[in-house]
Amino acid sequence: MSDSDNKPVEAKKAPPKQGRSRRKSRELVLKGIYLGLMNQKDVSVIIRELADDPDFDRADYEYFRQLLEGVAENINELDARLVGLLDRQLSELSPIEHAILCISAYELIHDVTIPYRVAINEGVELAKLYGGTDGHKYVNGVLDKVAAEARPDEFQRGRR
Numbered sequence: 001m002s003d004s005d006n007k008p009v010e011a012k013k014a015p016p017k018q019g020r021s022r023r024k025s026r027e028l029v030l031k032g033i034y035l036g037l038m039n040q041k042d043v044s045v046i047i048r049e050l051a052d053d054p055d056f057d058r059a060d061y062e063y064f065r066q067l068l069e070g071v072a073e074n075i076n077e078l079d080a081r082l083v084g085l086l087d088r089q090l091s092e093l094s095p096i097e098h099a100i101l102c103i104s105a106y107e108l109i110h111d112v113t114i115p116y117r118v119a120i121n122e123g124v125e126l127a128k129l130y131g132g133t134d135g136h137k138y139v140n141g142v143l144d145k146v147a148a149e150a151r152p153d154e155f156q157r158g159r160r
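This is the structure:
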């Protein structure tokens, strides 16, 4: 089809799916934090290793790097905050659930541009994909507690 000037009408492209690329970023960060927890690898080494991941090109690189570096730099603070909210020792968590909790807790505490419900939901989705059976329920419960502490006003408004 064409318009009145006999020029072809261009098809409108769908906007890029930002949520998808951020989700892929979170998945890569999960892999990276897991590598760091298991092997004590440096962030720069982890980034180089993850660059070979098939999903790397589908991720939002800037967000991936920001999140990975943020979690890695704040892991001790994140662990300290999580310890008081767990019903078990931190060492008793699976490394995957530990990494997921750190990623989502980092978003809840340090990135207020992400609504608390999104941060929790993304953590739960990661737990469903990579965690143990019913691990997502545990992750959800802990992240609710993190959100209540880190963002009390937003959390209360969301609960009404």
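Okay, so the sequence shown: first residue is 1 according to the UniProt record's numbering, each after it adds one. By construction, the Cβ of each residue, glycine as well, lies at the ideal position given by its N, Cα and C atoms. None of these values were measured; they are calculated from a predicted model.
Cβ shell of residue i (< 8 Å), same chain only, five flanking positions each side left out
i    : result
E97  : A127, G131, G132, G135, Y138, V139
A11  : A caution first: A11 carries a pLDDT of 38, below 50, which makes its placement in the model too unreliable to give a value.
M38  : P95
H110 : G70, N74
Spatial distance of residue i from residue j (CA atoms)
i    : j    : result
L28  : F56  : 7 Å
S21  : R58  : 6 Å
I120 : R23  : 13 Å
G70  : V83  : 19 Å
Y34  : Q156 : 32 Å
L108 : I114 : 8 Å
L90  : V112 : 25 Å
A150 : E125 : 21 Å
A148 : G158 : 10 Å
Q66  : R81  : 20 Å
D60  : K41  : 22 Å
CB-CB length for residue i against residue j, believed under 8 Å
i    : j    : result
L30  : I103 : 6 Å
L78  : I46  : Actually they are not in contact, since the Cβ atoms of L78 and I46 sit about 17 Å apart, beyond 8 Å.
A105 : V146 : 5 Å
Short Cβ contact (7 Å threshold) for residue i with residue j
i    : j    : result
L93  : V142 : no
V118 : A72  : no
Short CB-CB distance (under 7 Å) between residue i and chain B
i   : result
L35 : Looking for chain B here will not work: only one protein chain is present.
Same chain, Cβ closer than 6 Å to residue i, five either side skipped, listed in chain order
i    : result
E122 : R26
P152 : none
Contacting residues, own chain, Cβ-Cβ under 7 Å from residue i (five flanking each side not counted)
i    : result
F64  : S25, L28, V29
E154 : Y116
P54  : none
G36  : I46, A72
Exercise. Going along the chain, which unbroken runs of the alpha helix (DSSP H) with 4 or more residues stay wholly within the stretch 43-104?
Worked result: 43-50, 61-73, 75-83
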